[in-house]
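Written below as structure tokens is the structure these notes are about.
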Amino acid sequence: MPARNESQWRATPPLQEGEWIDSRIYSDREIFEEENEKIFKHVWVPVCHESELPKPYDFRTTSIGREPVIICRGPDNQIRAFLNVCPHRGMLIERRPSGSFLEGQPSGNPTRITCMFHAWQFDLKGNCVYVAREKEGYQDRLCKENVGLRRLRCEVKFGGFVWVNLDDNPSVSLEDWASKPFQCLRQTLEEEPLEVFHYHKAVIGTNYKLWHDTNSEFYHDFMHYHNRVTGFNDAYFARKNEAFDHGHVVVGTFEVNYANYEGFESRAELSFPHLPPNQWYMIDLFPGFNFNLRGSALRVDVVTPLGPDEVMIEFRGLGLKSDTPEERMTRINHHNSIWGPFGRNLHEDLIGVAGQGTTMRPGTEPRNILHGRQENQTIHDENGMRHYYDEWGRWMNRSPREPDKAYSPSQAVAAE
Amino acid sequence: MPSYSLETVLAVRETIYRATLALDDQRWEDWLALCSPDFHYAITSFSPEINKDMIYLQGDYKDMENMVRMLPKHNTDHSPLHRHTSVYTVDIADDGRSAEALSSVVFFQNMLDGTNSHIDSGESRLFLLGRYIDTLKVEDGIAMFVKREVRLDNRRLDKGSHWPL
Ligand code: FES
Ligand SMILES: [Fe+2]
Numbered sequence: 006m007p008a009r010n011e012s013q014w015r016a017t018p019p020l021q022e023g024e025w026i027d028s029r030i031y032s033d034r035e036i037f038e039e040e041n042e043k044i045f046k047h048v049w050v051p052v053c054h055e056s057e058l059p060k061p062y063d064f065r066t067t068s069i070g071r072e073p074v075i076i077c078r079g080p081d082n083q084i085r086a087f088l089n090v091c092p093h094r095g096m097l098i099e100r101r102p103s104g105s106f107l108e109g110q111p112s113g114n115p116t117r118i119t120c121m122f123h124a125w126q127f128d129l130k131g132n133c134v135y136v137a138r139e140k141e142g143y144q145d146r147l148c149k150e151n152v153g154l155r156r157l158r159c160e161v162k163f164g165g166f167v168w169v170n171l172d173d174n175p176s177v178s179l180e181d182w183a184s185k186p187f188q189c190l191r192q193t194l195e196e197e198p199l200e201v202f203h204y205h206k207a208v209i210g211t212n213y214k215l216w217h218d219t220n221s222e223f224y225h226d227f228m229h230y231h232n233r234v235t236g237f238n239d240a241y242f243a244r245k246n247e248a249f250d251h252g253h254v255v256v257g258t259f260e261v262n263y264a265n266y267e268g269f270e271s272r273a274e275l276s277f278p279h280l281p282p283n284q285w286y287m288i289d290l291f292p293g294f295n296f297n298l299r300g301s302a303l304r305v306d307v308v309t310p311l312g313p314d315e316v317m318i319e320f321r322g323l324g325l326k327s328d329t330p331e332e333r334m335t336r337i338n339h340h341n342s343i344w345g346p347f348g349r350n351l352h353e354d355l356i357g358v359a360g361q362g363t364t365m366r367p368g369t370e371p372r373n374i375l376h377g378r379q380e381n382q383t384i385h386d387e388n389g390m391r392h393y394y395d396e397w398g399r400w401m402n403r404s405p406r407e408p409d410k411a412y413s414p415s416q417a418v419a420a421e
Numbered sequence: 329m330p331s332y333s334l335e336t337v338l339a340v341r342e343t344i345y346r347a348t349l350a351l352d353d354q355r356w357e358d359w360l361a362l363c364s365p366d367f368h369y370a371i372t373s374f375s376p377e378i379n380k381d382m383i384y385l386q387g388d389y390k391d392m393e394n395m396v397r398m399l400p401k402h403n404t405d406h407s408p409l410h411r412h413t414s415v416y417t418v419d420i421a422d423d424g425r426s427a428e429a430l431s432s433v434v435f436f437q438n439m440l441d442g443t444n445s446h447i448d449s450g451e452s453r454l455f456l457l458g459r460y461i462d463t464l465k466v467e468d469g470i471a472m473f474v475k476r477e478v479r480l481d482n483r484r485l486d487k488g489s490h491w492p493l
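These protein sequences, in sequence, are chains A and B.
Counting with this note's numbering, you get residues 6 to 421 for the letters of the first sequence.
Counting with this note's numbering, you get residues 329 to 493 for the letters of the second sequence.
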């Protein structure tokens with residue numbers, strides 16, 4: 006077809022319902038606010054890894070939606086999560102990204118979580134243990150027992166990741182939420198402790214779902230020279246995209262030929278436990294968390310949406326805690342070669358979604374975004390995104406194709 | 329102070345500044361010509377988030393040569409980098425044949441792509457801050473890199489880069 010005029014451009018594509026969506030879901034402010042309320046406050050979020058707080062009294066801060074969260078390891082070795090908000094006048098209790106409560110702070114004692122503002126103190130279970138001039142100010146009207154921290158649902162699971170849910174009564178347990186997609190790698194990730202060796206973040210002018218889409222569709226391997234030369238063969242094209250309940254997707258494995266990229270090497274010698282050499286699995290969890298295992302290194306992406314057109318992506322790289330220094334160095338090199346901030350693939354992926362973000366700024370005209378490739382649910386099929394948006398529609402009670410209308414199950418997904 | 333010192337210091341500074349210009353101009357071969365065959369390159373950072381020293385990229389001479397040779401195969405942000413390097417200290421070994429140099433370096437991106445080039449192109453943005461921690465060998469009055477560590481302050485790297493820093 007030649008270039009189209011406006012009505013041709015806006016016309017319904019010759020695809021079934023569910024095979025395209027409206028770009029407003031990537032750009033509309035009202036939808037974004039609703040996603041924070043309806044989705045991010047109710048899902049399990051892998052906020053960090055247990056190896057980031059290895060010792061009792063270690064802490065790590067993060068946020069979910071707009072809510073600040075603190076993760077602490079107690080003297081009993083239990084990892085717990087609280088809102089990082091002081092019950093007195095709302096100060097952010099801990100300002101640093103990580104540290105240890107074994108150190109005293111200018112306003113307070115060691116072994117306690119102290120709010121610097123008026124020196125209220127909490128123990129590592131979130132109990133308030135000290136209110137400055139308590140009796141003088143509150144007499145018998147309010148006491149320590151009334152002002153504990155807000156505790157959050159928190160579990161360590163699926164390879165030592167720390168999962169937090171802002172909802173006290175999540176609709177499903179973490180086990181039921183993610184055990185099926187994790188099935189393919191569970192033994193591998195749980196055989197022995199893992200350790201984070203890489204952290205960096207990117208703030209990109211795009212919608213968080215566009216990042217997740219890129220992690221869920223492999224058709225874009227055409228833009229990665231590395232993936233074309235190390236991947237494109239019959240086994241690659243036979244890889245399956247498998248959809249799971251709750252909007253998750255797993256992309257099945259095959260053997261990658263790393264040595265086909267000049268100067269790169271096979272990762273066979275450092276495969277994660279229970280895996281044949283050079284396998285590549287991808288677990289995409291709704292609404293924006295990604296576990297990507299390529300032979301010798303695990304990468305985990307966590308999105309924090311900052312606006313309809315802005316997302317922070319945190320990137321972690323993990324190896325085995327038992328690695329020798331030489332093994333660890335090799336894993337780091339493998340990780341960095343394509344996934345590091347100066348690696349060959351990640352830069353390309355980020356340019357891709359930044360470009361989408363540019364065409365889908367808030368206020369741009371609504372356009373059709375096509376998710377209609379059908380290839381027997383193999384690697385370049387876009388069923389992963391179709392499955393995701395069907396789930397998104399359900400959570401939001403909006404049709405991804407006509408976001409002003411209520412959700413109804415998509416025909417394309419039902420047929421799959 | 330031995331008499332060769334000042335000359336050697338100047339040679340070291342000259343090499344660091346020439347490398348800065350070659351990298352800014354994307355004259356990769358000219359940059360590599362300033363590196364010795366046993367050269368080792370690394371981009372590192374410390375993350376207080378995970379409390380770890382990290383390596384973001386590393387390689388030997390061959391790896392770097394390979395990396396720049398493969399650049400045309402890859403999709404890369406077109407915005408050129410502009411480095412501002414200041415050599416702070418140069419310490420010459422007693423035999424005068426090697427040196428360690430510490431420089432402060434700031435990387436700006438002169439936007440060509442930006443997010444929307446119509447709006448962003450032509451603008452310069454601060455990209456990264458760090459230090460060059462260099463080891464050089466000096467022969468016949470010429471200094472060559474044996475080792476370069478680009479020690480970044482940043483962990484937020486946004487789109488990152490395909491180029492050596
Ligand atoms: S706001 Fe925390 S003690 Fe007052
Ligand atoms: Fe990619």
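Quick reminder that beta carbons are idealized off the backbone N, C-alpha and C, glycines included.
Any chance the CB of residue i is under 7 Å from a heavy atom of ligand 1?
| i | result |
| --- | --- |
| Cys120(A) | yes |
| Met320(B) | Lying outside 329 to 493, the shown extent of chain B, residue 320(B) is not represented and no answer is given. |
| Val117(A) | What sits at residue 117(A) in the sequence shown is Arg, not Val. No, the beta carbon of Arg117(A) sits no closer than 7 Å to any heavy atom of ligand 1. |
| His253(A) | no |
| Met96(A) | yes |
| Ala124(A) | yes |
| Cys133(A) | no |
Any heavy atom of ligand 2 closer than 7 Å to the beta-carbon of residue i?
| i | result |
| --- | --- |
| Thr463(B) | no |
| Thr417(B) | no |
| Asn297(A) | no |
| Asp405(B) | no |
| His229(A) | yes |
Do we get a CB-CB distance below 8 Å when we pair residue i with the residues of chain B?
| i | result |
| --- | --- |
| Asn201(A) | In the sequence as displayed, the identity of residue 201(A) is Val instead of Asn. Yes, its Cβ sits closer than 8 Å to a Cβ of chain B. |
| Thr363(A) | yes |
| Leu154(A) | no |
| Lys410(A) | no |
| Ala264(A) | no |
| Pro51(A) | no |
| Leu88(A) | no |
| Tyr204(A) | yes |
| Val74(A) | no |
State the CB to CB distance for the pair residue i and residue j, rounded to an integer number of angstroms; the pair is presumed to be in contact (CB under 8 Å).
| i | j | result |
| --- | --- | --- |
| Ile26(A) | Arg406(A) | 5 Å |
| Arg391(A) | Ser415(A) | 7 Å |
| Gly488(B) | His352(A) | 5 Å |
| His253(A) | Ala183(A) | 7 Å |
| Asn338(A) | Gln354(B) | Actually they do not touch by this definition, with Cβ atoms about 24 Å apart. |
| Ser103(A) | Pro408(B) | Ser103(A) to Pro408(B), Cβ: 35 Å. No contact. |
Could you confirm whether any beta carbon from chain A is found closer than 8 Å to the beta carbon of residue i?
| i | result |
| --- | --- |
| Met398(B) | yes |
| Asp391(B) | yes |
| Ile470(B) | no |
| Asn438(B) | no |
Are residue i and residue j touching if we call contact CB-CB under 8 Å?
| i | j | result |
| --- | --- | --- |
| Ile84(A) | Leu58(A) | yes |
| Pro73(A) | Val50(A) | no |
| Asp481(B) | Gly458(B) | yes |
| Leu199(A) | Leu303(A) | yes |
| Ala86(A) | Cys159(A) | yes |
| Arg336(A) | Leu275(A) | yes |
| Met401(A) | Glu24(A) | no |
| Arg453(B) | Phe436(B) | yes |
| Val52(A) | Val134(A) | no |
| Asp306(A) | Asn220(A) | yes |
| Asn246(A) | Ile384(A) | yes |
| Arg71(A) | Pro313(A) | no |
| Gly165(A) | Ser56(A) | yes |
| Met398(B) | Tyr369(B) | no |
| Val418(B) | Val337(B) | yes |
| Arg484(B) | Asp462(B) | no |
| Asn283(A) | Asp289(A) | no |
Determine the chain C residues that contact residue i at a beta-carbon separation under 7 Å, and present them in chain order.
| i | result |
| --- | --- |
| Ile371(B) | Of the chains in the structure shown, none is chain C; the protein chains are A and B. |
Along the segment 375 to 388 of chain B, where does the CB come closer than 9 Å to a CB of chain A? Name the residues.
Ser375, Pro376, Glu377, Ile378, Asn379, Lys380, Met382, Ile383, Tyr384, Leu385, Gln386 and Gly387
With 7 Å as the C-beta to C-beta threshold (strictly closer), list the residues of the segment 478 to 492 of chain B near chain A in chain order.
Arg483, Arg484, Leu485, Asp486, Lys487, Gly488, Ser489 and His490
Could you please tell me which residues of the segment 296 to 324 of chain A, in chain order, have their CB closer than 7 Å to any CB of chain B?
none
Of all the residues that make up the segment 336 to 351 of chain A, which are near chain B by a beta-carbon distance shorter than 8 Å?
Ile337, Asn338, Asn341, Gly345, Pro346, Phe347, Gly348, Arg349 and Leu351
Which of the residues in the segment 401 to 425 of chain B, read from start to end, lie with their CB under 8 Å from any CB of chain A?
The segment 401 to 425 of chain B vs chain A, Cβ under 8 Å: Lys401, His402, Asn403, Thr404 and Asp405.
Please list the residues of the segment 222 to 233 of chain A that have a C-beta atom closer than 7 Å to any C-beta atom in chain B, keeping them in chain order.
Within the segment 222 to 233 of chain A, Met228 and Tyr230 place their CB atoms closer than 7 Å to a CB of chain B, listed in sequence order.
Using Cβ-Cβ distances below 7 Å, what residues of the segment 266 to 283 of chain A are close to chain B?
Glu267 and Gly268
Note down, in chain order, all residues in the segment 164 to 175 of chain A with a beta-carbon under 8 Å from any beta-carbon belonging to chain B.
Contact annotation: in the segment 164 to 175 of chain A, no residue has its CB less than 8 Å from a CB in chain B.
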